[in-house]
Structures are given as C-alpha cells and as structure tokens.
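To start, the structure itself, in structure tokens.
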Amino acid sequence: MDRLRVLVTLPLFDEVIDRLSASFDVDVSREGILAEPEALARRAAGCAGLLVSGSPRIDAALLDACPGLRAVCSMAVGFNNIDVDACTARGVLVSNAPGVLTETTADFGFALMMAAARRLTESEHYLRAGRWNTWRYDMFAGQDVHGSTLGILGMGRIGQAIARRGALGFGMPVIYHNRSRLDPAAEAVVSARWVDKPTLFAEADHIVVVVPYTPQAHHMVGEAELGLMKRTATLTNIARGGVVDDAALARALGEGRIAAAALDVFEGEPQVHPGLLAATHVVLTPHIASASLRTRRAMADLAASNLEAALGVGPTPGRPPTALNPQVLAARPC
Ligand code: GLV
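Have a look at this one:
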C-alpha cells in the first residue's frame, strides 16, 4: 500500500520528523513560513495530513485545493488561523496542542509583565548604549509587582497559571474578567475575584491579556479600555494580535496615559506597528511565549500524535488526543 504523504509546514525537531517518517512520506518545508496561500496550497496538494507550525491560514480555499487532506494538526494552542467549520464540513480532522504549554507560557507572561513594570529592556538599552554615567533616585524607577493588583483578561488554563504565580508567589490580589466565571473552588485557589471588564481596567495595576482570538475578541482592548487604566498601570498581551488595538496602545504609550506595556503578539505580525517600535516604555518579543525547548518538543510530539491517530497509525489510531472536531472521525468509513 502507498504510504500517505504529510507536510510539516516549518522545520521541526529531527526526532519528530524521524518519528513521522516511520509511518508517512514526510515533506518538510524548509523555505520559511508558507505564508503565501498559493505556495502552501501547491505544497500541500496530494498530502493526507498537515503538521502545522507557525500560523498559516488554513481556510476553505486551501482545503478545496487539497481534496486529499484528512488531518490538520497544529502544534499551537490558539487555532484562529484554522477554519475549523470548513474542515469539519469536508471531513478534515483538526487538532491543537492545549495543556502542554500552559506553565511555560505563564512563566513568559509573568516575565513580560515584570519587565514592563520594572522597565527592564528600556534600562538595558540605556546601559548598552553607553549612556550610564550617573545615578539618580528616580533612574528607571518603575512600578512594584508584589502586592499590586493583578488583572487577568481571560481565565483559561494560562490565565489561571498566571494568577497562581501572582497570588501565591507575589502576594497580588487577583481580579479577572472572563465570559464564564471559574467555579468557586478554582477561584479560591488564587482568591480571584470576577469583575466586569470596565472594573478590571480601572482597578488593576498590571493587566495580562490571555483571551483566545475570536471575531468577538477583536480589539477587545481599545481606546475605551486603555482610557480606564491608571497612569501607573501596565498592559501585557500574550493572547493574539488583534485582541489589543495596537494603534490605540501606541497612542496611549506615546501620550504617557499608561506606564508601560509588554507584547509578544501583534496585529499583522511579523510586522509591528511603528508607534510601538518608537515607544520606549514597551517590551516587544517575537511571539515566543511557549518557546522553551522542552515545551516546544512536547507541542510537536502532541501534534505528531494527533496526526498519526487521525491517519490511523500510532498507539491510538482513530483517537487523536486533542481533536477539535472528533466527530469527523466517527463519520469516516472504517
Ligand atoms: C501560541 O501562540 C499558541 O497558540 O500556541
């Protein structure tokens, strides 16, 4: 029987490619992000599965160009780049990679929040530029993290992991806003208090944004929300570009209406709004919140397990561990 062909959309750990090669003919794109939809469609034509890294757009047009596709397995937790309904309609299994990156991503979100509050990168740039020749009582004086109020927008796994760091490690009162409230036992672990969105923005000293991107979440943090924030407050976005209105944030920073921001995700990334690049009180990183080697390997392994199972091989054939639309497998002929 012919082996199925799968495409890995960006270079990945050799061990993971070797593992997939035991069952499939594996094509690894080595030419960087297949951001051009036509290039991706050409490369994916004839493939039964995609292991998606990076966030190429997987939509109806791509699916129509690749009628043999049966599985799209992403190594990210966010899946706003994938049209799951279009996949389901065509019987294509979709999976993401939740759980394995929670703590690593929470570490990074917390680090970004601290870096913004304590003006870490700004002061490092000053030192590296050879401008350090004096000491002043207010030199790079920022905002305290310990004991200040942590505000979390979105309280899923990663939000809760950040809340634990703040409450248990830094003595921070935690407030949060989320569509659904945590159950009382989960709220009690971090003494978190649900508040409405305006209250979150008005009361928090440090706000961390961790909501998944959906059309409803577009610009959920814009001029109005930024206008409610304290002048001493910081905003950290590790969710997705587009949840925060980057232009409005650049204006708020430029006019000193908030103290600082830290961003790992951007609207239109890898492009970054010029106003953010020009601002001093902002820490900018290239979408790396989950990037520890151990976690990236766990994400890739989980995507590989999903791909194997969706294509009927591996230890749990037919049962991908983190499928988003498992119903398509039930509908497939045996
Ligand atoms: C990273 O942004 C992810 O969604 O895993």
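First residue of the sequence shown? That's 164 in the numbering used here, and the numbers climb one at a time after it. Note that beta-carbon positions come from the ideal geometry of N, C-alpha and C, so glycine has one too.
Which residues in the same chain as residue 487 place their Cβ atom closer than 7 Å to its Cβ, once the five residues preceding and following it in sequence are excluded?
Here residue 487 corresponds to residue number 324 of the sequence shown, with the count starting at 1. So the list reads 242, 247, 257, 258 and 259, once near-sequence residues are dropped.
Taking residue 273 as the reference, give the member of 341, 489, 452 and 219 with the closest Cα.
Here the question's residue 273 lines up with position 110 in the sequence shown. Measuring from the Cα of residue 273, the nearest candidate turns out to be 452.
Is residue 241 near ligand 1, with its Cβ less than 7 Å from a heavy atom?
Counted from its first residue, the sequence shown places residue 241 at position 78. Yes; taking the cut-off as 7 Å, the Cβ of residue 241 has a heavy atom of ligand 1 nearer than that.
Check residue 250 in the structure and name its three-state DSSP category.
For this step, residue 250 is matched to residue 87 along the sequence shown. Residue state, collapsed to three classes: helix.
Does the segment 365 to 372 touch the segment 269 to 288, meaning 3 or more C-beta pairs lie closer than 8 Å?
These segments touch.
Per DSSP, residue 482 is paired with what?
Position 319 of the sequence shown holds residue 482. None; residue 482 has no bridge partner.
How long is the line joining the alpha carbons of residue 380 and residue 293, rounded to whole angstroms?
Looking up residue 380 in the sequence shown gives position 217. Looking up residue 293 in the sequence shown gives position 130. Between residue 380 and residue 293, the C-alpha separation is close to 42 Å.
Which residue wins for smallest C-alpha separation from residue 346, given the options 333, 363, 361 and 323?
Locating residue 346 in the sequence shown gives position 183, counting from the first residue. Per the Cα distances, 323.
Under 8 Å, do residue 338 and residue 325 count as touching if we go by C-beta distance?
One-based indexing of the sequence shown puts residue 338 at position 175. One-based indexing of the sequence shown puts residue 325 at position 162. For residue 338 and residue 325, no; Cβs fall outside 8 Å.
Please look up how many angstroms separate the CB atoms of residue 387 and residue 182, rounded, as I've assumed it's under 8 Å.
On the sequence shown, position 224 is the one that residue 387 refers to. On the sequence shown, position 19 is the one that residue 182 refers to. Contact doesn't hold; Cβ gap of about 49 Å is too wide.
Is it buried or exposed, residue 335, if we count other Cβ atoms within 10 angstroms and call 16 or more buried?
On the sequence shown, position 172 is the one that residue 335 refers to. The residue in question, residue 335, is buried, as its Cβ has 16 or more Cβ neighbours within 10 Å.
Spell out the partners DSSP gives residue 426 in its beta bridges.
Residue 426 sits at position 263 when you count from the first residue of the sequence shown. Its beta-bridge partners are 400 and 447.
Determine, using beta carbons only, whether residue 480 and residue 472 come nearer to each other than 8 Å.
Stepping through the sequence shown from its first residue, residue 480 is reached at position 317. Stepping through the sequence shown from its first residue, residue 472 is reached at position 309. In contact: residue 480 and residue 472 (Cβ atoms closer than 8 Å).
Please list, in chain order, all residues of the same chain as residue 416 whose beta carbon is under 7 Å from its beta carbon, the five residues on each side excluded.
Within the sequence shown, the letter at position 253 stands for residue 416. Counting only Cβ-Cβ distances below 7 Å, and skipping sequence neighbours, we find 424, 442, 444 and 445.
Are there 16 or more other CB atoms within 10 angstroms of the CB of residue 430, so buried, or fewer, so exposed?
Here residue 430 is taken as the residue at index 267 of the sequence shown, counted from 1. Under this definition residue 430 is a buried residue.
What is the rounded straight-line gap between the Cα of residue 228 and the Cα of residue 219?
Translated into the one-based positions of the sequence shown, residue 228 becomes position 65. Translated into the one-based positions of the sequence shown, residue 219 becomes position 56. Rounded to whole angstroms, residue 228 to residue 219 spans 15 Å at the Cα level.
Which first and last residues belong to the alpha helix (DSSP H) in which residue 239 is found?
As a first step, residue 239 is located in the sequence shown; it is residue number 76 there, counting from the start. Per DSSP, residue 239 belongs to no alpha helix (DSSP H) and is neither H nor E.
In terms of DSSP beta bridges, what is residue 258 paired with?
Locating residue 258 in the sequence shown gives position 95, counting from the first residue. Note: residue 258 sits in a beta bridge opposite 236 and 486.
With a threshold of 7 Å (Cβ to nearest heavy atom), would residue 453 be considered close to ligand 3?
Ligand 3 is not part of the structure shown, which contains ligand 1 as its ligands.
Answer yes or no: do residue 458 and residue 172 have a C-beta to C-beta separation smaller than 8 Å?
For the purposes of this step, residue 458 is identified with residue 295 of the sequence shown, where counting begins at 1. For the purposes of this step, residue 172 is identified with residue 9 of the sequence shown, where counting begins at 1. Contact flag unset, no.
Would you list the residues sitting across from residue 188 in a DSSP beta bridge?
Position 25 of the sequence shown, counted from the first residue, corresponds to residue 188. In DSSP, residue 188 forms a bridge with 168.
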